[in-house]
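Residues 356 to 447 in my numbering are what the sequence shown spells out, letter by letter.
This report refers to the structure that appears directly beneath it.
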Amino acid sequence: MDKSGFIYKNKRFNNEYVVMQVIPNPHDMDQSILYINSNQPRLFRQNLFTRKTILPSYANGLHPYWNNEALIFMNNKYYGIYEWGMNMEEIK
């Protein structure tokens, strides 16, 4: 990730972005850390998930946004990566 874009699966995305990704906690492997990165801070106001605090619940089953290892906001659309190495897919 840099100021002009990011790379995933050897493909470069030269766009403004907010990437929210879940990574293992290096101090406690039973826990995870949410890492949020952007090359354009104004996108934090446009991205629903960085404007509002939403607590996910599994009571209603899988959620198309929250059940991803990465959630990318780019070009006013959301993309998910369900598990690392899988394709990035637009969430509709």
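Where a beta carbon is used, it is the ideal one built from N, C-alpha and C, also for glycine.
Quick caveat, the model's predicted, so the values are computed rather than measured.
The beta carbon of GLN401 sits closer than 8 angstroms to those of PHE428 and ASN431, all from its chain and outside the five residues before and after it, given in chain order. For GLN401, the secondary structure class from DSSP, reduced to helix, strand or coil, is helix. Pairing ASN392 with MET356 gives a Cβ-Cβ distance under 8 angstroms. If you draw a straight line from the Cα of LEU389 to the Cα of ASN365, it comes to about 23 angstroms. At a Cβ-Cβ threshold of 8 angstroms, ILE436 and ASN422 do not count as neighbours.
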